[in-house]
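Undergrad: When you number the sequence shown by our numbering, it's gap-free, plus one each residue, and the end is 295.
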Amino acid sequence: MYRFLLTPRWWVINVFTLLAIPVCLFMGSWQLSRFETRVNTHNEQHDETSREQKAAARPLGELLPVTAETSGQRATATGRYDTAHQLLVPDRRLDGRDGFYVLTLLRVDDGKDGGEAGAKALPVVRGWLPGDPGDPAATAKVPAPPSGEVTVTGVLQASEHQGSDGVSARGGLPRGQLGMISAASLVNLVPYQVYDAWVTSAEAPGALKPVPPKVAEGTGLDMKAFQNLGYTGEWFVFAGFVVFMWFRLFRREAETARDLALGITPAEPTAPAAPDADRTPDDAGRTRSPSAPA
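#1: Does the Cβ-Cβ distance between V200 and L123 come in under 8 Å?
#2: On the three-state DSSP scale, how would you describe L65?
#3: Which residue from V168, E37, F27 puts its Cα closest to that of P91?
#4: Could you pull out every residue in the same chain whose Cβ sits closer than 6 Å to the Cβ of T105, ignoring the five residues on either side in sequence?
#5: Thinking C-alpha only, which one of V109, P211, S165 is nearest T79?
#6: Based on the DSSP output, what are the partners of G80 in its beta bridges?
#7: What did DSSP end up calling L19 once you bin it into helix, strand or coil?
#8: Out of A262, P211, D260, state which residue places its alpha-carbon closest to the alpha-carbon of R94.
#9: If you measure between the beta carbons of S183 and S160, is that distance less than 8 Å?
#10: Tell me, which residues are paired with K121 by DSSP?
#11: What does DSSP give as the partner residues of Y102 in its beta bridges?
#12: Within this structure, are the beta carbons of P137 and F101 separated by less than 8 Å?
#13: When DSSP labels each residue in this structure, what does V143 get in the three-state scheme?
#14: Give me, in chain order, the residues of the same chain whose beta-carbon lies closer than 6 Å to that of I22; leave out the 5 immediate sequence neighbours on both sides.
#15: Among the residues of its own chain, which have a CB less than 6 Å from the CB of R39, if the five just before and after it don't count?
#16: Relative to the C-alpha of L130, which candidate in F251, G97, S186, R252 has its C-alpha closest?
#17: Starting from the C-beta of R35, find all residues in its chain whose C-beta is less than 6 Å away, skip the five residues before and the five after it, and write them out in chain order.
#18: Within the same chain, show all residues whose beta-carbon is closer than 7 Å to that of S72, passing over the 5 residues directly before and after it, in chain order.
#19: Who are S211's beta bridge partners in DSSP?
#20: Grouping DSSP H, G and I as helix and E and B as strand, with all else coil, what is R176?
#21: Could you pull the start and end residues of the alpha helix (DSSP H) that A185 belongs to?
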């Protein structure tokens with residue numbers, strides 16, 4: 002009854018099944034290993050970040066340009082706040098509440114040209130406040146930046162871009178507001194060069210709350226990690242689907258072979274020839290009734 006398994010058609014089905022199942026299991030295991038690797042990397046980076054945040058701050062120049070390794074490290078910079086160019090960054094959430102960042106540019110002497118003319122600006126997020134930056138009651142709580150030379154210590158962050166978490170996609174912001182913290186967005190707002198990085202200050206004055214640093218992009222448990230986990234499930238489902246389809250085809254073929262052996266399902270009869278299909282005009286004349294008119 003199972004001799005159909007030796008037919009060329011079933012040889013192809015069996016070989017495909019035997020190859021597809023291990024391939025699906027291998028791909029699922031590989032995607033699972035990729036997810037586990039990302040989890041381990043996230044845990045290691047979390048521990049390393051914690052150690053770096055507890056370590057002594059390093060001068061800003063030693064950490065630039067910002068990379069995945071230097072992002073999240075403590076940096077220190079000395080300069081003067083540009084009180085004329087304090088900006089508010091809207092649509093930023095903290096502790097589940099909507100609010101805004103208070104960003105002030107710190108004029109830092111890079112040592113190349115010397116003096117104020119050679120200073121570059123470092124964007125410093127001095128803290129976060131709840132509310133709308135367009136509300137006078139909320140902006141009244143923003144403390145003025147200190148005057149004179151100051152030393153800022155905070156966590157170094159890479160410049161934001163359009164896809165960064167929390168970046169406002171809406172345009173046409175009022176004067177004094179900034180949607181994205183980056184040198185590209187600040188270059189047209191200030192008359193001097195800006196570092197392609199920013200610092201979130203460890204100390205927030207007045208009513209401000211310190212802004213926690215962000216994890217560097219491309220590291221930790223990002224969307225790709227959960228994609229790997231999703232692909233793991235898909236490959237294992239594919240393996241189960243291959244087994245299910247093979248069993249379904251096998252059962253249907255076996256039932257058909259059994260019914261044929263028992264005579265339950267007769268062989269398909271040949272279609273009868275259509276009447277008068279092969280008759281010639283002479284044959285029609287010979288079979289015409291004698292009484293029929295010619």
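Just so you know, even glycine gets a beta-carbon here, dropped at the ideal spot from N, CA and C.
TA: Let me lay it out:
#1: In this structure, V200 sits near L123, with a CB-CB distance shorter than 8 Å.
#2: Here L65 sits in coil by DSSP.
#3: Measuring C-alpha to C-alpha distances from P91 to each of V168, E37, F27 identifies V168 as the nearest.
#4: Only residues of its own chain outside the window of five on either side were considered, and among them Y82, Q87, V125, R127, P146 have a CB closer than 6 Å to the CB of T105, listed in chain order.
#5: That would be V109, whose Cα lies nearest to the Cα of T79.
#6: DSSP, once it has assigned bridges, lists V109, V151 as partnering G80.
#7: Note: L19 maps to helix in three-state DSSP.
#8: Ranking A262, P211, D260 by Cα distance to R94 puts P211 first.
#9: In contact: S183 and S160 (Cβ atoms closer than 8 Å).
#10: BP columns for K121 point to V109.
#11: DSSP lists V90, W129 as partners of Y102.
#12: Contact flag unset, no.
#13: Of the three classes helix, strand and coil, the one that applies to V143 here is coil, per DSSP.
#14: Cβ within range, chain order: A240, V243.
#15: Closer than 6 Å at the Cβ level, and outside the excluded window around R39, lie A226.
#16: Measuring from the Cα of L130, the nearest candidate turns out to be G97.
#17: Once the five neighbours on either side are set aside, the close Cβ partners of R35 are N229.
#18: Once the five neighbours on either side are set aside, the close Cβ partners of S72 are L157, Q158, A159, A217.
#19: Strictly speaking, residue 211 in this sequence is Pro, with Ser absent from that position. The beta-bridge partner set that DSSP reports for P211 is empty.
#20: Here R176 sits in coil by DSSP.
#21: 184–187 is the extent of the alpha helix (DSSP H) around A185.
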